[in-house]
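Accompanying notes for the structure given below.
In my numbering, the protein residues as written are 215 to 629.
Given below as structure tokens:
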């Protein structure tokens, strides 16, 4: 059996590296930044040892990393890279260009807190800075999911109705540097699952002297179709991606036997739940144990894991929580100045308000794990208790963690 098939103990970062190899990526651009560095280091090792057939280009900055991917994807190559935190901020300008050009680039993000002060631990605030760039985004919860999501990302991104780049985020260190067993399928199954790489480039954009087209040109405000229409097409592609994400998740389960809900969200004991918590990433997986414990005490609780962040799973959330008495939303990122201080809770409140089934459903926001701060099951149990107390009293429960309308779990006091 090949070393790239079957069960193997790997770091989360290496799961991304091995998946890029399995996806037959043709161009990888790289610049190291903690905690993703191991992703590109492993790919470099695979390429140098002849175990991975791709162009590996060492760049001088994260900005150049994305610029290089854009050029390679323009030429029709399947491309990949990884970054984290400040590196994602540095490449922000070409990140928007990649989406605007509709290039199906895939990039993993070993998410970390944004400086200052310097922080290199799990926190989704880095990916949140690019949530409106046009990229598809997923928040991952485990080593196997990192591997599997890279494969699914190419199948989704390269769909002609989508053609958008994809960010796959997972917590720095807690997933990137810990090791767990993953199962890598036979290469023949992966090749059959993934779309074929077009020999003449993507249908809408290419570099071909026999088919000359203009790139990066200026469009006047009132040209039609023009700038506004191109922006509309990105939003339309995001909306079209929703059923495609669901279909790819279904096909992946049928092919490889692993279940990620409907690809947009993943329910855990939500069907009869009266109190539902929306969570994401590794802390959502941890919360499954808390749900089991609370149910053993007779409480009808459930948890909805937000797997896809862009496009935002509005319909999926509404369908999962419409029967609940009250819901909580847990963020592991900040959105300063927003109604709740958390990005997912603010968007969830807006999404529920616009649907008659959920417009009166109370949402209690929580923020935890910022900058990699530990969140233990006892704290998650307390989050459920607060949720139930808020429902019983009909008002927010006052405690030292409450700021305005949001509970900052594990906060140590701010003056």
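Where is the CB? At the ideal position from N, CA and C, for every residue including glycine.
- Rounded to whole angstroms, the gap between the alpha carbons of residue 514 and residue 532 is 18 Å.
- Cβ atoms of residue 543 and residue 558 come within 8 Å of each other, at about 6 Å.
- Scanning the stretch 346-425 for uninterrupted beta strand (DSSP E) segments of 3 residues or longer gives 350-353, 380-385 and 393-398, listed from N- to C-terminal end.
- Here residue 275 is exposed. Its C-beta has fewer than 16 other C-beta atoms within 10 Å.
- Taking the CA atoms as reference points, residue 234 sits about 21 Å from residue 468.
- Residue 341 counts as buried, since at least 16 other C-beta atoms from the protein chains shown sit within 10 angstroms of its C-beta.
- The beta-carbon separation of residue 586 and residue 356, rounded to 17 Å, does not stay under the 8 Å limit for a contact.
- By the Cβ-count criterion, residue 546 is buried, with 16 or more other Cβ atoms from all chains shown falling within 10 Å of its own Cβ.
- Contact between residue 365 and residue 420 does not hold, since the beta-carbon distance rounds to 25 Å and is not under 8 Å.
- Nearest to residue 484 by alpha-carbon distance, out of 530, 300, 452 and 460, is 530.
- The DSSP assignment places 495-510 and 528-535 as complete runs of the alpha helix (DSSP H) inside the stretch 480-549, in order along the chain (cut-off: 4 residues).
- For the pair residue 395 and residue 223, the CB atoms are nearer than the 7 Å cut-off.
- Membership of residue 464 in the alpha helix (DSSP H) is indicated by the continuous run 441-470.
- For residue 257, there is no enclosing beta strand (DSSP E); the residue is part of the alpha helix (DSSP H) that begins and ends at 251-262.
- The Cβ atoms of residue 257 and residue 231 lie closer than 7 Å to each other.
- The stretch 521-529 makes contact with the stretch 444-464, as at least three CB pairs between them are under 8 Å.
- Residue 243 is bridged by DSSP to 271.
- Here DSSP, grouped into helix, strand and coil, assigns residue 622 to strand.
- Within a 10 Å sphere around the beta-carbon of residue 267 sit fewer than 16 other beta-carbons, which makes this residue exposed.
- Taken through DSSP and simplified to helix, strand or coil, residue 329 comes out as coil.
- According to DSSP, residue 220 shares a beta bridge with 398.
- DSSP places residue 303 within a helical segment (H, G or I) once states are collapsed to three.
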